[in-house]
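Which chain is which? The protein sequence lines are A and H, in order.
Numbering (the UniProt record's numbering) for the first sequence: 1 to 174.
Numbering (the UniProt record's numbering) for the second sequence: 1 to 174.
Heads up: the structure comes next, in structure tokens.
There are 2 protein chains.
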Amino acid sequence: MECYFLAPLRVKLAQPFSTAYSSSAYLQRRGSCVRWRSGSGGAAHCQKMFVPGFGEGSPEAKAARSLQDFFTFVAVKIVLAQLESYNPEAHAELTEFVDRNSLNDGDKFCRALMRESPRHKGLALRILEVRSAYTKRDFEWDNLEKLARKMVDESNTRLMREYVLETSHLDNED
Amino acid sequence: MECYFLAPLRVKLAQPFSTAYSSSAYLQRRGSCVRWRSGSGGAAHCQKMFVPGFGEGSPEAKAARSLQDFFTFVAVKIVLAQLESYNPEAHAELTEFVDRNSLNDGDKFCRALMRESPRHKGLALRILEVRSAYTKRDFEWDNLEKLARKMVDESNTRLMREYVLETSHLDNED
């Protein structure tokens, strides 16, 4: 069971399922559920589905961690585009560094860039600044939510339609 | 330049930077910017940073696509946890299928699961249902935004502090 979205999870998922989904872990997580709603009878109860296997974290924290790497990637692209017109030399230096270093881990990339040379350090600081500004100001969070909901609905419909078409085709042949 | 967050981007980034960041692409993207704000002088202008290289899509669409795969991954974990207590046989079947098939591409995984056997088809439909409900109801979007902003700020501070500590240590030695 692997998912490239969250590389560190691969290690966690190597544990046996019996451990990952033990009833004690289930109860523990249920106990830490923070969203409570009033039922029709007035009793409060948690309506969230139990998501096991995230340890001390949460799905939201794991997603935020991956988004952070994505924002570093976006910041590098923004800075490259900005440099291209007014500082071709710095653009070439950053391009060359990007070709040599993976952006899978954004922090690791910035850490290496800062230590490459004083000029690269300036570029790294610019990338940190841009990813912070992009996260806070430019990234359209509402749009992300809307698009994700729409994509999931469309994918569900498409997958079921494909399956029905495929099986009805087989039925016709029989 | 690679980023595991968005696997399809690897192909796109293989093109030369001169093409990816050409001024015509720049102007094209600027023209499609949808967020306009009134300036102090009353003139409207786009204050968003230009993000090149996403073609017809947007960073939000790419992030939503990756989140969709993540939600499939979460849905599989939820269904496994639900099955464990009341249907150990189905739990074992799904576990075995998950071990054999990657969850990197959520739709591909569900497509294969639907075609494995009639029993697996039932499991696949359950996973589709759960990922839709999770996306709409359980996933805390506000929390995601808050955590991502906080993580970026904390990472920026940590990276700069590390660098300063490291270089001040070198200065002391000199």
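From the three backbone atoms N, C-alpha and C, an ideal C-beta is built for every residue, glycine too.
Remember, predicted model here, so these are calculated numbers, not experimental data.
Look at the region 52–75 of chain A: the residues with a C-beta under 7 angstroms from a C-beta of chain H are Pro52, Gly53, Pro59, Glu60, Ala61, Ala63, Ala64, Arg65, Ser66, Leu67, Gln68, Asp69, Phe70, Phe71, Phe73, Val74. Rounded to whole angstroms, the separation of the alpha carbons of Gln82/A and Thr95/A is 13 angstroms. Asn87/A has a beta carbon lying at 7 angstroms or more from every beta carbon in chain H. Not a single CB atom of chain A sits nearer than 7 angstroms to the CB of Leu123/H. Among the CB atoms of chain A, none fall inside 7 angstroms of the CB of Ser117/H. Here Glu145/H carries a helix assignment [DSSP, helix/strand/coil]. Counting only residues of its own chain and dropping the five nearest sequence neighbours on each side, Glu116/A has a CB closer than 7 angstroms to the CB of Phe97. Gly53/H and Phe71/A have their C-alpha atoms roughly 14 angstroms apart. For the options Glu93/A, Gln68/A, Val164/A, the alpha carbon positioned closest to that of Met151/H is the one of Gln68/A. Under the criterion of beta carbons closer than 8 angstroms, Leu103/H and Ala64/A do not qualify as touching, at roughly 20 angstroms. If you keep only unbroken beta strand (DSSP E) runs of at least 3 residues inside the region 85–167 of chain A, you get nothing at all. The shortest C-alpha to C-alpha distance from Asp107/A to any of Glu154/H, Ala133/H, Leu113/H, Ile78/H is the one to Glu154/H.
Going by C-alpha positions, Tyr163/A is about 11 angstroms away from Ala124/H. Lys136/A has a beta carbon lying within less than 7 angstroms of a beta carbon in chain H.
Contact note: Ala148/A reaches chain H through Ala64, Leu67, Gln68, Thr135, using a C-beta cutoff of 7 angstroms and chain order.
7 angstroms or more divides the Cβ of Glu140/H from the Cβ of Glu145/A. When DSSP states are grouped into helix, strand and coil, Glu56/A belongs to the coil group. A direct Cα-Cα distance of roughly 13 angstroms separates Cys110/H from Arg161/A.
Here Leu165/A is exposed: its Cβ has fewer than 16 other Cβ atoms, across all protein chains shown, within 10 Å.
Comparing C-alpha distances from Asp99/A to each of Ser132/A, Thr167/A, Phe73/A shows the shortest one belongs to Phe73/A. With respect to the 7 angstroms criterion, Val51/A and Lys136/H are not classified as neighbours on the basis of their beta carbons. Under the three-state reduction of DSSP, Lys48/A is assigned to coil, being neither helix nor strand.
By the Cβ neighbour-count rule, His91/A is buried, with 16 or more other Cβ atoms within 10 Å of its own. Taking 7 angstroms as the cut-off, the beta carbon of Asn156/H is found no closer than this to the beta carbon of Leu159/A.
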